[in-house]
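Chemist: Submitted below is the structure of interest, expressed as structure tokens.
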Amino acid sequence: MQRAVIPAIGAATAWRDAARQYLAAGVPPEQIIWGDSAAAPDLFATSAAPAARAVPAVPRSFVSMAQTVVWHNDPERFARLYAFLWRLKDAPYLMTDRGDAELSRLRQMEKDVRRCQHKMKAFVRFREIGAPDAPRRSFAAWFEPTHHTVEPTADFFVRRFSDMDWRIVTPDVTAVFEDGTLSFQDGQAKPDLPEDASEQLWITYFRNIFNPARLKVKAMQSEMPKKYWKNMPEAASIRDLIAEAPARARAMAEAAPSLPPARMASVQAQLATYASAWDGPQQELPAAIAACTRCPLYKNATQAVPGEGPTDAALMIVGEQPGDREDLTGRPFVGPAGQLFDQVAGTVGLDRRQAYVTNAVKHFKFVPRGKRRIHQRPDTTEITHCRWWLEAEVALVKPKLILAMGATAAEALTGDGTAIMARRGQVTQTAAGQPVLITLHPSYLLRLTDAQAKAEATALFAADLATAARLTA
Ligand code: URA
Numbered sequence: 006m007q008r009a010v011i012p013a014i015g016a017a018t019a020w021r022d023a024a025r026q027y028l029a030a031g032v033p034p035e036q037i038i039w040g041d042s043a044a045a046p047d048l049f050a051t052s053a054a055p056a057a058r059a060v061p062a063v064p065r066s067f068v069s070m071a072q073t074v075v076w077h078n079d080p081e082r083f084a085r086l087y088a089f090l091w092r093l094k095d096a097p098y099l100m101t102d103r104g105d106a107e108l109s110r111l112r113q114m115e116k117d118v119r120r121c122q123h124k125m126k127a128f129v130r131f132r133e134i135g136a137p138d139a140p141r142r143s144f145a146a147w148f149e150p151t152h153h154t155v156e157p158t159a160d161f162f163v164r165r166f167s168d169m170d171w172r173i174v175t176p177d178v179t180a181v182f183e184d185g186t187l188s189f190q191d192g193q194a195k196p197d198l199p200e201d202a203s204e205q206l207w208i209t210y211f212r213n214i215f216n217p218a219r220l221k222v223k224a225m226q227s228e229m230p231k232k233y234w235k236n237m238p239e240a241a242s243i244r245d246l247i248a249e250a251p252a253r254a255r256a257m258a259e260a261a262p263s264l265p266p267a268r269m270a271s272v273q274a275q276l277a278t279y280a281s282a283w284d285g286p287q288q289e290l291p292a293a294i295a296a297c298t299r300c301p302l303y304k305n306a307t308q309a310v311p312g313e314g315p316t317d318a319a320l321m322i323v324g325e326q327p328g329d330r331e332d333l334t335g336r337p338f339v340g341p342a343g344q345l346f347d348q349v350a351g352t353v354g355l356d357r358r359q360a361y362v363t364n365a366v367k368h369f370k371f372v373p374r375g376k377r378r379i380h381q382r383p384d385t386t387e388i389t390h391c392r393w394w395l396e397a398e399v400a401l402v403k404p405k406l407i408l409a410m411g412a413t414a415a416e417a418l419t420g421d422g423t424a425i426m427a428r429r430g431q432v433t434q435t436a437a438g439q440p441v442l443i444t445l446h447p448s449y450l451l452r453l454t455d456a457q458a459k460a461e462a463t464a465l466f467a468a469d470l471a472t473a474a475r476l477t478a
């Protein structure tokens, strides 16, 4: 008979190592007595390590399940896991057998532990214990988890509270984070923790987020089980809040018609901005675009890039947004996409100098990666904000035809940015009735790596540019 004693701290690794060893030595489950360090020693058991052979392959899904189940409070957890592992070695499909009662039981245990981890993340309440002049602030919390979840959940608190010292004391294990190092110690009895300022903060916060009109007592108690209340300062308010809820909800309902939602004013202001049009003097349009702060894109871009070309052009060409080169020079389509455009336009007799060339969005949107700035597609809010300028340019130029290159331009001009390939070559309209010819964006052609696909897409693009030239001749 083998006896495996799994310590409370480091149980996951200890169980895994022991299980591997037994499996490699071919020790069947009935030959092993598993226990944690708190269990009484068994008189007939022996702890001598069995002779090892090669460890059979174990499915990853089992390893991941076992790493959670080991923290369950069921005293049989180690034995159950090993018994299942023993069966698994001859039947690897078992992990997907939904009808297997033992697997269901283990899956349920896994869920229990995860739920307990979730509760721990939500309900641990720290109190400050350090001296006011200490270099690092110091906190402690007392918590009584249902399962042994301190160790597997400690990383969460390390990530959250890496700049302070803290300890979470529980009856079976204590997690200690000091000077950036996490360690585990034996559990302790409930310490006497001082009440501190954050206690009142929790109470105020909880009272403020409590919505009496949404109160569902059962759902609330299932989410925040009563067993945690005693260690949560804000829980003292719960009984009163529940009792007051019906009257407060009635009062809210009665007051509702005279209280417009707080965000209504800002939503209305935003809608009014979208609906309005730029009405400054025409010659000031480029300067007004240059000074734009309507959306946050101006913060990282070098400059806004307004349209350029004759303001009485018959053709207006609209791209997506300036790229890296355009952002630096302040001119549209001077980078690789612009060069490709010029090249294809040249083959069909379209002279870009005769057109007014602009973009749907006037600032370069990017994320820095090392020394490079990687293009990001503008979102609908940015496109909508910038439509104000595009519409001002359309009103200024009054083109016979607008050529929308790519989904962003199509969205800005027609409100529909979907499936360009299916719509290209067609003439549609802006909301105000100006004709818009949809085509591909030259950057799309640049990204194609398959030579044949590139040739085909380029031919379609050339055909659309030829249509634009013909319609504006
Ligand atoms: N891509 C665009 O859409 N516009 C430019 O100005 C440059 C690249």
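Every number in the numbering used here is 5 more than the matching position in the sequence shown, counting from 1. All C-beta atoms in this analysis are idealised placements derived from N, C-alpha and C, irrespective of residue type, glycine included. As the structure is a computational prediction, the values presented were derived from the model and not from experiment.
Could you tell me whether the region 144 to 162 touches the region 185 to 196, where touching means 3 or more Cβ pairs closer than 8 Å?
Modeler: Short answer: they touch.
Chemist: Tell me the rounded alpha-carbon separation between residue 73 and residue 115.
Modeler: Residue 73 and residue 115: Cα-Cα distance of roughly 6 Å.
Chemist: If you scan the region 322 to 351 from start to end, which runs of the alpha helix (DSSP H) of 4 or more residues do you find wholly inside it?
Modeler: Segments of the alpha helix (DSSP H) lying fully in the region 322 to 351: 329 to 334.
Chemist: In whole angstroms, give me the CA-to-CA distance for residue 313 and residue 468.
Modeler: Roughly 24 Å separates the two Cα atoms.
Chemist: Using the beta-carbon count (16 or more within 10 Å), is residue 448 buried or exposed?
Modeler: That one is buried.
Chemist: In this structure, what does DSSP give as the bridge partners for residue 40?
Modeler: Residue 40 is bridged to 10.
Chemist: Would you tell me roughly how many angstroms separate the C-alpha atoms of residue 242 and residue 236, rounded to the nearest one?
Modeler: Cα-Cα distance, rounded: 13 Å.
Chemist: To the nearest angstrom, how far is the alpha carbon of residue 392 from that of residue 216?
Modeler: Distance between the alpha carbons of residue 392 and residue 216 is about 39 Å.
Chemist: Residue range of the alpha helix (DSSP H) that residue 188 falls in?
Modeler: Premise fails: residue 188 lies in the beta strand (DSSP E), 186 to 191, not in any alpha helix (DSSP H).
Chemist: Which residues mark the beginning and the end of the alpha helix (DSSP H) in which residue 89 is found?
Modeler: Segment 82 to 93, the alpha helix (DSSP H) holding residue 89.
Chemist: Considering only the alpha carbon of each residue, which of 14, 372, 317 lies closest to residue 399?
Modeler: Selected option, being the one with the closest Cα: 317.
Chemist: Helix, strand or coil, according to DSSP, for residue 454 in the structure here?
Modeler: The answer is coil: DSSP assigns residue 454 none of H, G, I, E or B.
Chemist: Does the beta-carbon distance from residue 360 to residue 410 come in below 8 Å?
Modeler: Against a cut-off of 8 Å, the Cβ pair of residue 410 and residue 360 comes out as no contact.
Chemist: Taking 5 Å as the limit, name every residue whose beta carbon sits nearer than that to some heavy atom of the ligand URA, in sequence order.
Modeler: Result (chain order): 324, 325, 327, 328, 331, 337, 338, 342, 364.
Chemist: Within its chain, find whatever has a CB closer than 8 Å to the CB of residue 431; leave out the 5 residues flanking it on each side and keep chain order.
Modeler: The residues are 442, 443.
Chemist: Roughly how many angstroms separate the alpha carbons of residue 382 and residue 368, rounded to a whole number?
Modeler: Near 11 Å, if we compare the C-alpha coordinates of residue 368 and residue 382.
Chemist: How big is the Cα-Cα spacing for residue 477 and residue 434?
Modeler: Distance between the alpha carbons of residue 477 and residue 434 is about 16 Å.
Chemist: Give every residue of the same chain whose Cβ lies closer than 8 Å to the Cβ of residue 459, excluding the five residues on either side of it in the sequence, and list them in chain order.
Modeler: Only 450, 453 meet the Cβ criterion.
Chemist: Can you tell which of 100, 422, 323, 311 has its C-alpha closest to the C-alpha of residue 290?
Modeler: When only C-alpha atoms are compared, the closest one is 311.
Chemist: Could you tell me the alpha carbon to alpha carbon distance between residue 308 and residue 376, rounded to whole angstroms?
Modeler: Rounded to the nearest angstrom, the two C-alpha atoms are 19 Å apart.
Chemist: So, for residue 234: in the same chain, excluding its five sequence neighbours on each side, which residues have a beta-carbon less than 6 Å away from its beta-carbon?
Modeler: So the list reads 240, once near-sequence residues are dropped.
Chemist: If distances are taken between C-alpha atoms only, which option among 155, 283, 315 comes closest to residue 357?
Modeler: Considering only alpha carbons, the answer is 315.
Chemist: I'd like the list of long-range same chain contacts for residue 364, defined as Cβ closer than 7 Å, with 5 residues on each side in sequence excluded.
Modeler: Once the five neighbours on either side are set aside, the close Cβ partners of residue 364 are 310, 323, 324, 325, 326, 327, 337.
Chemist: Could you give the uninterrupted runs of the beta strand (DSSP E) lying entirely in the region 404 to 450, keeping only those of 3 residues or more?
Modeler: The qualifying runs are 406 to 410, 432 to 434, 440 to 444.
Chemist: Is it buried or exposed for residue 223, if we count other Cβ within 10 angstroms and need 16 for buried?
Modeler: When all chains shown are included, residue 223 counts as exposed.
Chemist: If you compare alpha carbons, which of 302, 120, 253 is closest to residue 228?
Modeler: Of the candidates 302, 120, 253, the one whose C-alpha sits nearest the C-alpha of residue 228 is 120.
Chemist: Counting C-beta neighbours from all protein chains within 10 Å, is the total for residue 41 16 or more, i.e. buried, or is it exposed?
Modeler: Answer is buried; the Cβ neighbour count reaches 16.
Chemist: Quick test of the definition: if touching needs 3 or more C-beta pairs under 8 Å, does the region 131 to 149 touch the region 85 to 105?
Modeler: Not touching, per the Cβ criterion.
Chemist: Would residue 197 be called buried (16 or more neighbouring beta carbons within 10 Å of its own) or exposed?
Modeler: Looking at its Cβ environment, which holds fewer than 16 other Cβ atoms inside 10 Å, residue 197 is exposed.
Chemist: What is the DSSP secondary structure of residue 477, reduced to helix, strand or coil?
Modeler: In the structure shown, residue 477 sits in coil (DSSP, three-state: anything other than H, G, I, E or B).
Chemist: Which residue marks the beginning of the alpha helix (DSSP H) containing residue 380, and which one marks its end?
Modeler: Careful: residue 380 lies outside any alpha helix (DSSP H), inside the beta strand (DSSP E) at 377 to 380.
Chemist: Give the DSSP bridge partners of residue 143, in chain order.
Modeler: Answer is 170.
Chemist: From what residue to what residue does the alpha helix (DSSP H) around residue 291 run?
Modeler: Unbroken alpha helix (DSSP H) run through residue 291: 290 to 295.
Chemist: Exposed or buried, what is residue 38 when buried is set at 16 or more other beta-carbons lying within 10 Å of its beta-carbon?
Modeler: Classification of residue 38: buried, given that the 10 Å Cβ count is 16 or more.
Chemist: In three-state terms, what does DSSP make of residue 320?
Modeler: It is a strand residue.
Chemist: Would you call residue 122 buried or exposed, if buried means 16 or more other Cβ atoms sit within 10 Å of its Cβ?
Modeler: So residue 122 ends up on the buried side.
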